[in-house]
Amino acid sequence: MQLIWAWTLKRATGTGTVAAGAALLLWAIHGVFGGASFERLMVAPLALALAVAAFCGLSILVMTLIDVRNHRRGQRVRAVRTFDVAFGILLAAPSLVELRSLIEGW
-11 MQLIWAWTLK RATGTGTVAA GAALLLWAIH GVFGGASFER LMVAPLALAL AVAAFCGLSI
49 LVMTLIDVRN HRRGQRVRAV RTFDVAFGIL LAAPSLVELR SLIEGW
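Per the numbering used here, residue -11 is the first one in the sequence shown, and the count goes up by one each step.
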């Protein structure tokens, strides 16, 4: 139970940002070496980075939903929660789409 409470919006945002950056870098390398034997080696790290970014984005959305449902907040916090939702979608949606196409093509 302690592990669940250790996962916070701040940690999910930081981890998701790093994973998305790594996925972007690996995706560029994967695209440059398309068709080479080196390309097959890049699939697993790219899929892992995409999965971590998607997980972080989805967890940001779930934690924001729980916070909005359980706590009535003022107008200032509502703006922050709007950013959390936008960032969660920005992390999850492209990562899931690319992960799906990567798995289908593999």
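Virtual Cβ for every residue (Gly too), placed ideally from N, Cα, C.
Going along the chain, which residues of its own chain have a beta-carbon closer than 6 Å to the beta-carbon of residue i, five neighbours each way excluded?
{"i": "Met51", "result": "Leu(-3)"}
For residue i, count neighbouring C-beta atoms within 10 Å of its own C-beta (all shown protein chains included) and say buried if the count is 16 or more, exposed if not.
{"i": "Phe75", "result": "buried"}
{"i": "Thr1", "result": "buried"}
{"i": "Ala32", "result": "exposed"}
{"i": "Gly4", "result": "buried"}
{"i": "Leu29", "result": "exposed"}
State the Cα-Cα distance for the pair residue i and residue j, rounded to the nearest angstrom.
{"i": "Ala42", "j": "Arg66", "result": "23 Å"}
{"i": "Phe13", "j": "Arg60", "result": "Rather than Phe, the amino acid found at residue 13 in this sequence is Leu. Going from the Cα of Leu13 to the Cα of Arg60 covers about 40 Å."}
{"i": "Gly45", "j": "Leu78", "result": "7 Å"}
{"i": "Ala7", "j": "Leu38", "result": "7 Å"}
{"i": "Trp15", "j": "Leu36", "result": "12 Å"}
Near residue i, which residues of its chain fall below 7 Å by C-beta distance, leaving aside the five closest residues on each side in sequence?
{"i": "Gly9", "result": "none"}
In terms of residue numbering, what span does the alpha helix (DSSP H) encompassing residue i cover?
{"i": "His18", "result": "-3 to 20"}
{"i": "Arg64", "result": "63 to 93"}
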